[in-house]
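Chains as they are written, first to last, in this note's numbering: chain A, 3 to 364; chain B, 6 to 224.
For each residue, glycine too, the CB sits at the ideal point set by N, CA and C.
Computed from a predicted model, the values in this text were never measured in an experiment.
Report on the structure given below.
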């Protein structure tokens, strides 16, 4: 597709009707928590938007985020929006390989300084000079620093890029860090999730295309429009939590009746994401709807935050051993000090010199 | 430290440290009480000690008509707080998860509505005794820093738990972390203040009952 086409022109070439385009704009405005009056603004902006070059960097990751993005919504208009950005560099999707592929990345940096977007998937290893993940002889760190230096903005796709994710989990053998630890002088949008919801990724891109700015972010750099509420806040099982009705096992009566999964380890109350509203697989369901607790995958360090199947109210470490040791130590210390006092009293009694009448006479 | 890290610390190392301090402190106090011994009673025993001691532990938890000589207020507020606190602590299903994680076993929970009521009654009881303490000149005169501090430390877990369930104030993660930390503060403070009565009351009651039993009278 020629790069000088606007998004509207491109979509018309693809056979997308005006109605279909406006439906997408309405959905996008709704997703971003905008009032209906903003739909024409979104439509006008998207109509005129020119496709920005996008460099999609894959570091320490599993390609699940890309799978999520490319599979789940095809063939929807969201997918076309993704087509409508100029995805110039992405290892898994691009046709060329080797030096040709790297040459494209270098050309984008030269030809579109300050205009292209960088999408990062995966964490960056820093230990031992970053040698644990290299591409074309360059460390991930060097590639990110070089590419992000001239980017308009950086979008961290998935929990690994946003917070370090599974590569950063204890004991973090590669010294993995998130993008925000490396890129300090560019706007960085975190779109965490393992993987993130595809609509959320496209929504963030649509926001950038529409307004040319990054959306409002929370303390963790996540777009508030999608990460403003917890899973628990929007969960259809929430009334059962409020009533104190919990499934105790995966096959008990409570589980069959669809009661709250908190006691099976659900991290919904501490997890900010749009799963309960946007849902997955073209709006089919989300994990809790399928009877499985939320893992909390869009939160920092979710992999190290205790067992997925332990309730948030249960201990996250072995307390019994500490308590056992404390009982022994307390008993020994108490007995020691008690016996010492007892001996002191005995000694005092033995050393006691009774006062006689004769003593008083003197 | 993020709120998630704070919560994880509270559920992990924080809980380990606070439970260890609580258990160590309480066992220390009981062991010290036991080993310090008592002077040998030279009088001829008129009954046994163990049975009456155990009976007294139970009996003194119940209301006796003769206890009302200072008025019903302290009595009712005291019972309300203690019952509300203990029912909330031991019979809320998510608290039982905690005990199961530490002890290896659990027990049936009470319905959420009952826990809700017990928590409110517990908080109301605490507030009532504090108002009484402040406005009664004699109680106010007799109160020191520890009285107010232990009251606050006791109130915080109940208040933060209520706020957590009703989504008042902070987001769930922060409030849950605060709730757990407030309980851990209670555990740490308890052995070194008059809150240690939560354990030593049993030893002192036993001694009272045993002394009376030795003399052949009811305590």
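Shown here, residue 222 of chain B sits in coil according to DSSP, grouped into three states, outside any helix or strand.
From the beta-carbon of residue 271 of chain A, the residues of chain B found nearer than 8 angstroms are 177, 178, 181. When secondary structure is reduced to three states using DSSP, residue 130 of chain A falls in the helix class. Counting along the chain, residue 235 of chain A sits inside no beta strand (DSSP E); it lies in the alpha helix (DSSP H) bounded by residues 233–236.
Within chain B, the residues whose beta carbon sits less than 8 angstroms from that of residue 248 of chain A are 98, listed in sequence order. One finds 7, 9, 10, 13 in chain B with Cβ atoms closer than 9 angstroms to the Cβ of residue 303 of chain A, taken in chain order.
Within the model, the alpha-carbon separation for residue 136 of chain A versus residue 9 of chain B is close to 32 angstroms. Taking the Cα positions, residue 99 of chain A is about 20 angstroms away from residue 112 of chain A.
Under the three-state reduction of DSSP, residue 248 of chain A is assigned to strand.
The continuous beta strand (DSSP E) containing residue 58 of chain A extends over residues 55–60. Taking a Cβ-Cβ threshold of 7 angstroms, the residues of chain A close to residue 39 of chain B are 340, in chain order. For residue 297 of chain A, there are no C-beta contacts with chain B under 7 angstroms, since the nearest C-beta of that chain is about 13 angstroms from it.
Around the C-beta of residue 324 of chain A, 16 or more other C-beta atoms lie within 10 Å, and the residue is accordingly described as buried. Using a Cβ-Cβ cut-off of 7 angstroms, residue 232 of chain A is close to 177 of chain B, given in chain order. Counted as a single uninterrupted DSSP element, the alpha helix (DSSP H) harbouring residue 167 of chain B occupies residues 150–170. In the structure shown, residue 268 of chain A falls within a coil segment according to DSSP collapsed to helix, strand and coil. Here DSSP, grouped into helix, strand and coil, assigns residue 302 of chain A to coil.
At a cut-off of 9 angstroms, the C-beta of residue 290 of chain A has no neighbouring C-beta in chain B.
Scanning its chain for C-beta atoms nearer than 6 angstroms, with the 5 sequence neighbours on each side dropped, one finds around residue 49 of chain A the residues 10, in chain order. For residue 106 of chain B, the chain A residues whose Cβ falls inside 8 angstroms of its Cβ are 312, 316, 317, 321, in order along the chain.
For residue 16 of chain B, same chain residues with a beta-carbon under 7 angstroms away, outside a window of 5 residues either side, are 185 in chain order.
As DSSP reads the structure, residue 282 of chain A sits in a beta bridge with A:287. As DSSP reads the structure, residue 262 of chain A sits in a beta bridge with A:248. Nearest neighbour of residue 213 of chain A by Cα position, chosen from A:8, A:229, A:44, turns out to be A:44. Residue 175 of chain A has its alpha-carbon roughly 28 angstroms from the corresponding atom of residue 91 of chain A. The alpha-carbon of residue 193 of chain B is positioned some 16 angstroms away from that of residue 327 of chain A.
At a C-beta separation below 7 angstroms, residue 245 of chain A has these neighbours in chain B: 117. Taking C-beta separations shorter than 7 angstroms and ignoring five residues to either side along the sequence, the partners of residue 174 of chain B in its chain run 168, 180, following chain order. If you ignore the 5 residues before and after residue 144 of chain B, its C-beta comes within less than 6 angstroms of the C-beta of 138, all in its own chain and listed in chain order.
Note on geometry: alpha-carbon atoms of residue 105 of chain B and residue 52 of chain B lie some 40 angstroms from one another.
With a cut-off of 8 angstroms on Cβ pairs, the segment 124–140 of chain B is not in contact with the segment 50–64 of chain B, counting fewer than three such pairs. With contacts defined by Cβ atoms closer than 9 angstroms, residue 198 of chain B and residue 38 of chain B do not form a contacting pair. Ranked by Cα distance from residue 339 of chain A, the options B:50, B:24, B:36 are led by B:36. With fewer than 16 neighbouring CB atoms inside 10 Å of its own CB, residue 146 of chain B falls in the exposed class. Secondary structure of residue 24 of chain B (DSSP, three-state): helix. When DSSP states are grouped into helix, strand and coil, residue 185 of chain A belongs to the coil group.
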